[in-house]
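K.L.:
Starting off with a structure, shown below.
Numbering (the working numbering), first residue to last: 5 to 307.
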């Protein structure tokens, strides 16, 4: 069952669990409301708003590999089917807009990121001026119950050298979205929402295959287990649970031919206890991903 999880974690302010789905949700239990109404709202301070382009220019001049691309923006979510009776399937609707990497660099990743926040208990209001692109991550269990963790390369844009779960972003271009179009056509809008929903699940498989070298045929269908957000620059990410049919001893060989292996320097297959020890070296949102995995394990033990 999906549930609201707005409480802070006991360790303080590294992450916040926005949504926990410890039973794991399949694509039929997740939907998307993709709409311009969930886009970022420009900040009323013109100087702060102008700083976005200034930060981007500075960052792109110092790093020629940076390029601007469209991303899905996390707005909020709503729950359905939780309390309507024993036969009702829990359901989550993700409210997503459109943003881009340039705005992400100029808001969330800016040294001024806290100035973009609005004092509010309502999460969608608090972050309405930030880019908040929705990232993704995969907690992958091998056949011998080890978890796959990557160590990030030193030349990536965020958290170089840190431990992370394989992941990245669902991509608007993968479903033919370059900007908000067709929203006035209800039927076409419904088709687009279904395509975006499928991209949430397809993209995590693609990320895992590209970053680890594990073939898609060796992976179970992903289950959505929730959304975590690191408190540092309010970066949200959705997490999935997958099983891999390979033994942990096979994974390094597969990793050696990974398409996007350049994004990481090492792959580790670790036990639950070892993983727990590594969380302090993870970005807050991935630490939160581990917390979501622990909640899922607790649910399995209860049943």
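For glycine and all other residues, C-beta sits at the position ideal for the given N, C-alpha and C. None of these values were measured; they are calculated from a predicted model.
Going by other Cβ atoms of all chains shown within 10 Å of its Cβ, with 16 needed for buried, is residue 91 buried or exposed?
P.N.:
Note that residue 91 scores 48 on pLDDT, short of 50, meaning its location in the model is unreliable and no value can be drawn from it.
K.L.:
Using the Cα positions of residue 61 and residue 101, report the straight-line distance between them to the nearest angstrom.
P.N.:
Residue 61 and residue 101: Cα-Cα distance of roughly 24 Å.
K.L.:
How many whole angstroms separate the CB atoms of residue 255 and residue 212, which I take to be in contact at a CB cut-off of 8 Å?
P.N.:
About 11 Å separates the two Cβ atoms, so there is no contact after all.
K.L.:
Going straight from the alpha carbon of residue 296 to that of residue 26, what length do you get?
P.N.:
So the alpha carbons of these two residues sit roughly 7 Å apart.
K.L.:
Should residue 183 go down as buried or exposed, given a rule of 16 or more other Cβ atoms within 10 Å for buried?
P.N.:
The residue in question, residue 183, is exposed, as its Cβ has fewer than 16 Cβ neighbours within 10 Å.
K.L.:
How would you call residue 220, buried or exposed, if buried means at least 16 neighbouring beta carbons within 10 angstroms?
P.N.:
Its Cβ having fewer than 16 others within 10 Å, residue 220 is exposed.
K.L.:
Along the chain, where does the beta strand (DSSP E) containing residue 242 start, and where does it finish?
P.N.:
Where residue 242 is concerned, the enclosing beta strand (DSSP E) stretches over 239-247.
K.L.:
Rounded to whole angstroms, how far is the Cβ of residue 293 from the Cβ of residue 165, which I believe are closer than 8 Å?
P.N.:
At roughly 18 Å, the Cβ-Cβ gap does not stay under 8 Å, so residue 293 and residue 165 are not in contact.
K.L.:
Round the Cβ separation of residue 139 and residue 172 to the nearest angstrom and send it over; I've been treating them as touching at under 8 Å.
P.N.:
Yes, residue 139 and residue 172 are in contact; Cβ-Cβ is about 7 Å, under 8 Å.
K.L.:
Have a look at 278, 167, 307, 36 and flag the residue whose alpha-carbon is nearest the alpha-carbon of residue 285.
P.N.:
Per the Cα distances, 167.
K.L.:
Taking only the alpha-carbon atoms, compute the straight-line gap between residue 148 and residue 32 and give it to the nearest angstrom.
P.N.:
One C-alpha to the other measures close to 29 Å.
K.L.:
Are three or more beta carbon pairs between the stretch 260-273 and the stretch 61-70 nearer than 8 Å?
P.N.:
The stretch 260-273, when compared against the stretch 61-70, does not touch it at the 8 Å Cβ threshold.
K.L.:
In the DSSP assignment, what are the bridge partners of residue 234?
P.N.:
For residue 234, which the question treats as bridged, DSSP gives the partners 19, 239.
K.L.:
So what does DSSP say about residue 110, is it helix, strand or coil?
P.N.:
Residue 110: helix per DSSP, three-state reduction.
K.L.:
Among 106, 303, 24, 20, which residue has its Cα nearest to the Cα of residue 244?
P.N.:
It is 24.
K.L.:
Pull up the distance between the alpha-carbon of residue 180 and that of residue 200, whole angstroms please.
P.N.:
The alpha-carbon atoms of residue 180 and residue 200 are separated by roughly 10 Å.
K.L.:
Using the Cβ count rule (16 or more neighbours within 10 Å means buried), how would you classify residue 119?
P.N.:
That one is exposed.
K.L.:
Looking at the unbroken beta strand (DSSP E) that takes in residue 304, where does it start and where does it end?
P.N.:
Not the beta strand (DSSP E): residue 304 falls in the alpha helix (DSSP H), residues 288-306.
K.L.:
Which stretch, first to last residue, makes up the beta strand (DSSP E) that contains residue 98?
P.N.:
Note, residue 98: beta strand (DSSP E), 95-104.
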